[in-house]
Amino acid sequence: MPSVPDWGFSDLYTDAVFRMVEHLKCPVRALIGPWPHKWPGFSSLGPQIDHLKECLRWWDCHLKSLPTGVMEEPVLRIFLRDGISNAHKEDIWPGRWIAEDRWPSPNVQHQEFVLKNDRGLVLAPENQSQSTSNEPITVKSSFLSGSWGGLPMAGCLEGLPVEQRLEDALSECWETTTLKDPVEVVGFPEVHLQLSCDRPCALVAARLCDVFPNGESSLITRGVLNLTHLRGHSPEDVHPLQPHETCYAQVKLDSTAYTVAAGHKMRLALSSVHWPFVWPSPHVSCLSIQTGSKSKLLLPVRVSNEEVSGRDAQLSGVEPPDPEYKHAILPVEWRRKPQQARTLEMSQLSDEYKLAFSFDRGCALMKHTNTTYDDVRTETFTIKEGEPNTAKVTIQGQVTLKKENESTEQEDSGHNRWDTRVQATSEMWSDEQFFHLKSHLTAWHNSETCFDKTWTKKIQRFYV
Numbered sequence: 001m002p003s004v005p006d007w008g009f010s011d012l013y014t015d016a017v018f019r020m021v022e023h024l025k026c027p028v029r030a031l032i033g034p035w036p037h038k039w040p041g042f043s044s045l046g047p048q049i050d051h052l053k054e055c056l057r058w059w060d061c062h063l064k065s066l067p068t069g070v071m072e073e074p075v076l077r078i079f080l081r082d083g084i085s086n087a088h089k090e091d092i093w094p095g096r097w098i099a100e101d102r103w104p105s106p107n108v109q110h111q112e113f114v115l116k117n118d119r120g121l122v123l124a125p126e127n128q129s130q131s132t133s134n135e136p137i138t139v140k141s142s143f144l145s146g147s148w149g150g151l152p153m154a155g156c157l158e159g160l161p162v163e164q165r166l167e168d169a170l171s172e173c174w175e176t177t178t179l180k181d182p183v184e185v186v187g188f189p190e191v192h193l194q195l196s197c198d199r200p201c202a203l204v205a206a207r208l209c210d211v212f213p214n215g216e217s218s219l220i221t222r223g224v225l226n227l228t229h230l231r232g233h234s235p236e237d238v239h240p241l242q243p244h245e246t247c248y249a250q251v252k253l254d255s256t257a258y259t260v261a262a263g264h265k266m267r268l269a270l271s272s273v274h275w276p277f278v279w280p281s282p283h284v285s286c287l288s289i290q291t292g293s294k295s296k297l298l299l300p301v302r303v304s305n306e307e308v309s310g311r312d313a314q315l316s317g318v319e320p321p322d323p324e325y326k327h328a329i330l331p332v333e334w335r336r337k338p339q340q341a342r343t344l345e346m347s348q349l350s351d352e353y354k355l356a357f358s359f360d361r362g363c364a365l366m367k368h369t370n371t372t373y374d375d376v377r378t379e380t381f382t383i384k385e386g387e388p389n390t391a392k393v394t395i396q397g398q399v400t401l402k403k404e405n406e407s408t409e410q411e412d413s414g415h416n417r418w419d420t421r422v423q424a425t426s427e428m429w430s431d432e433q434f435f436h437l438k439s440h441l442t443a444w445h446n447s448e449t450c451f452d453k454t455w456t457k458k459i460q461r462f463y464v
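Here the sequence shown stands for residues 1 to 464, where the numbers follow UniProt numbering.
Right, here's the structure in full:
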């Protein structure tokens, strides 16, 4: 079946697009933009595109055999993002569209950067003439690490990672010299590490950042590896680490397409905690990273030449949403405007951290039906410093939908007046051996409870 996947680099599913292009045997064309988990025509992180038109061209070609020209276009159209330090404050991400005819692309070559003991991130050819140091660097992170990383599946600007300097300060970092030329990173960076650990269960998180001349740090991409999965991810391959025994880890970072500008630096940051993006290991762990030729960053860099530039220049632009396309705009009166918030609280007495996301979609009266819709959701992540088994997630949501009487004479009619509300709470926490989940759902109709149920479950951690 012909396939046309399209996702955004701020979403959780983008890596699959590259795998599909590489392995599918059917006709395939892919489109990857900067978007979060939202339709490309409505994304608050643009540029927006006419997503419906792109779908229609594909369906007309493969369902109606119409000559839409879609199969003459490149296999991959990718939005190559320029660097911005606060993407969560921007409506449009600057950049340009590039074209690739297959994946893996012959236009992408891996450059090898070695992690030096002096915290330098040095190109391998430049490193060969220098002595190799194997002095270990200790990575033992605060449980605040990850707090500036945003949500795993951001659906709006407020869920994106913020400026990373505070995050970098909690990590062990390696940095390149100032770049003389722009570097176009396209694909999957990898971090190869020679390390040891003092615990049988641990993780390592790697972030690649763009460091601006003024010191601001922007997340390019990241990756996390549970170190009990060094041999693979199937159950038979998962084994505890042997404490203090040297091992070799390969951390594959998420796919990206990002230009690091000339005059900037690239920074690799390593941590042993990345909460709440991933659940912390059951015990506080300390990693020992061997510097030198055994620990390196493999960076997929897109080659710039006349052929590649000419191919990009011939790429037909991805059109913005058609202004002539107008759906029916229903009359709405806002009783409460939508708003979103994101706060981080730190208790200096109890060493407890609380990260909260609030998604208030507002309260609106839909005048054509005289119906009121109200939707509020909060996500709260708490943890205490040095106590991984205090990690807890609480998600609460409430939706209200009610219809007022259009006339007092109809008050006793059950069809013209109703008030419904659904409230859900889900919690997750853990001890050393198990994850614990609890969900509670209550529904009301005209102020009377019509449904109320609680679910609980316990899941073995299995080295997570």
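Glycine included, C-beta positions come from ideal geometry on N, C-alpha and C.
Bear in mind that the values here come from a model prediction, so they are computed numbers and not experimental data.
Is DSSP giving residue i helix, strand or coil here?
| i | result |
| --- | --- |
| Cys247 | strand |
| Glu158 | helix |
| Ser218 | strand |
| Pro136 | strand |
| Met153 | coil |
| Asp374 | strand |
| Val183 | strand |
| His274 | coil |
| Leu195 | strand |
| Asp237 | helix |
| Thr228 | helix |
| Pro388 | strand |
| Val70 | helix |
| Asp412 | Low confidence applies to Asp412: its pLDDT is 48, below 50, so where it sits in the model is not reliable, and the reading given next is rough at best. In the structure shown, Asp412 sits in coil (DSSP, three-state: anything other than H, G, I, E or B). |
What does the alpha-carbon distance come out to for the pair residue i and residue j?
| i | j | result |
| --- | --- | --- |
| Pro282 | Glu432 | 5 Å |
| Thr371 | Trp418 | 9 Å |
| Ser218 | Ala87 | 8 Å |
| Glu306 | Val422 | 59 Å |
| Ser43 | Lys89 | 14 Å |
| Gly149 | Gly159 | 9 Å |
| Ser255 | Asn446 | 49 Å |
| Ser131 | Ile137 | Bear in mind that a pLDDT of 49 at Ser131, under 50, signals an unreliable position, so the model cannot answer this. |
| Ser10 | Glu172 | 25 Å |
| Gln109 | Trp429 | 43 Å |
| Leu270 | Val204 | 7 Å |
| Thr400 | Arg361 | 12 Å |
| Phe277 | Ser147 | 8 Å |
| Thr408 | Leu330 | The predicted position of Thr408 is uncertain, since its pLDDT is 43 and thus under 50; no value can be drawn from it. |
| Ser413 | Cys450 | Interpretation of Ser413 is limited by its pLDDT of 48, a score under 50 that renders its predicted location unreliable; no figure is taken from the coordinates. |
| Val318 | Glu73 | 11 Å |
| Gly41 | Phe188 | 26 Å |
| Pro388 | Thr454 | 26 Å |
| Gln410 | Ser426 | Only weak support exists for where Gln410 lies, its pLDDT of 47 falling under 50; the coordinates are left without a value. |
| Leu45 | Glu112 | 32 Å |
| Gly386 | Ser85 | 30 Å |
| Pro47 | Pro321 | 10 Å |
Just grab the DSSP bridge partners of residue i for me.
| i | result |
| --- | --- |
| Glu100 | Leu76 |
| Cys286 | For Cys286, which the question treats as bridged, DSSP gives no partner whatsoever. |
| Gly120 | Glu175 |
| Ile383 | Tyr353 |
| His110 | Pro300 |
| Lys89 | DSSP, once it has assigned bridges, lists no residue as partnering Lys89. |
| Val211 | Ser217, Lys265 |
| residue 546 | Any property of residue 546 remains undetermined from this structure, which presents the chain solely from 1 to 464. |
| Gly223 | Ala206 |
Considering residue i, what are the terminal residues of the alpha helix (DSSP H) in which it resides?
| i | result |
| --- | --- |
| Val17 | 14-23 |
| Lys294 | First-last for Lys294: 292-302, but that is the beta strand (DSSP E), not the alpha helix (DSSP H). |
| Ala30 | Run containing Ala30: none in the alpha helix (DSSP H); it sits in the beta strand (DSSP E), 30-33. |
| Arg57 | 51-64 |
| Ala169 | 165-169 |
Pop quiz: residue i and residue j are said to be a contact at Cβ under 8 Å. What is the actual Cβ separation, rounded to whole angstroms?
| i | j | result |
| --- | --- | --- |
| Thr291 | Lys116 | 6 Å |
| Val186 | Arg57 | With a Cβ gap of about 25 Å, Val186 and Arg57 do not count as contacting. |
| Glu167 | Ser145 | 7 Å |
| Ala206 | Val251 | 5 Å |
| Val114 | Ala124 | 6 Å |
Between which two residues does the beta strand (DSSP E) containing residue i stretch?
| i | result |
| --- | --- |
| Gly310 | Looking at the DSSP string, Gly310 is not in any beta strand (DSSP E); the run it does join, the alpha helix (DSSP H), is 306-313. |
| His440 | 434-445 |
| Trp39 | Run containing Trp39: none; DSSP gives neither H nor E here. |
| Leu241 | Neither: Leu241 is in no beta strand (DSSP E) and is coded neither H nor E. |
| Trp418 | 418-430 |
| Glu345 | 339-346 |
| residue 538 | With the chain running from 1 to 464 in the structure shown, residue 538 is simply not present. |
| Phe451 | 448-460 |
| Trp334 | 332-336 |
| Thr256 | 256-260 |
Of all Cβ atoms in chain D, is any one closer than 8 Å to the Cβ of residue i?
| i | result |
| --- | --- |
| Glu404 | Note that chain D does not occur in the displayed structure, where there is just one protein chain. |
For a test of your reading of the model: does the CB of residue i fall under 7 Å from any non-hydrogen atom of the ligand GTP? Yes or no.
| i | result |
| --- | --- |
| Glu158 | With respect to the ligand GTP, the structure offers nothing, as it holds no ligand at all. |
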